[in-house]
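Following: one structure in structure tokens, then a few remarks.
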Amino acid sequence: MSPPEEERPEEERPEEERLAEAQARLAEAQARVVRALVAAGEVPEGFDQARMRAQAASLVAKRRAIVARIRPDTAVAAGPKLAAEFAAYARARTEPPPGYRADADDFAAWLRERGLMAAEDRPRRRSRWWSRLVP
Numbered sequence: 001m002s003p004p005e006e007e008r009p010e011e012e013r014p015e016e017e018r019l020a021e022a023q024a025r026l027a028e029a030q031a032r033v034v035r036a037l038v039a040a041g042e043v044p045e046g047f048d049q050a051r052m053r054a055q056a057a058s059l060v061a062k063r064r065a066i067v068a069r070i071r072p073d074t075a076v077a078a079g080p081k082l083a084a085e086f087a088a089y090a091r092a093r094t095e096p097p098p099g100y101r102a103d104a105d106d107f108a109a110w111l112r113e114r115g116l117m118a119a120e121d122r123p124r125r126r127s128r129w130w131s132r133l134v135p
């Protein structure tokens, strides 16, 4: 009688099974790194804490600059507290944003919830990026 699948030595298991398990472990490890960088997650073991914090801060600054470009009304509403407000907003997120536009809209909602930005009267009309190039 052969031992159950989970008790068999590694070299006796089918290569596809070993590959699938390795890919699953890699995906989970990558997800932990992404959470640490963009969603205030715990820094995974084996990574330099200071470097990960520095990189995370750099990514927050990049997101803040892009959000301010996409939704300048958020930068105006936050005023001199833009960096602090955006950092607090970014720390509060439990998952990475699905994209920059969603990030900008979510930050605007964050500011409205805190009374720093007036409610929108009507939905914003999204212009195409290339419309700025056409007279």
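Those letters in the sequence shown? Residues 1 to 135, per the UniProt record's numbering, in order.
Each residue gets a CB set at the ideal place from its N, CA and C atoms; glycine is no exception.
Being a predicted model, the structure only gives us computed values, none of them experimental.
To the nearest angstrom, how far is it from the Cα of GLY99 to the Cα of GLY79?
-> 23 Å
Local conformation of PRO14 per DSSP, three classes | coil
Q) By DSSP, does ALA118 sit in helix, in strand, or in coil? A) Note: ALA118 maps to coil in three-state DSSP.
Here's the rule: buried if 16 or more other CB atoms are within 10 angstroms of the residue's CB, otherwise exposed. What is ALA50? By the neighbour-count rule (16 or more Cβ atoms within 10 Å), ALA50 is not buried but exposed.
Between which two residues does the alpha helix (DSSP H) carrying residue 222 extend? Residue 222 cannot be examined here, being either before or after the span of the chain that is shown, 1 to 135.
As assigned by DSSP and simplified to three states, the class of ALA78 = helix
Please identify the residue among ALA24, TRP110, ARG35 and PRO14 whose C-alpha is closest to the C-alpha of TYR89.
TRP110
Please report the straight-line C-alpha distance between VAL38 and ILE66, rounded to a whole angstrom. 15 Å
message: One question on the structure: do ALA54 and PRO44 come within less than 8 Å of each other, judged by their Cβ atoms?
response: no
ask   = If we call anything under 8 Å between Cβ atoms a contact, is ARG69 one with LEU82?
value = no
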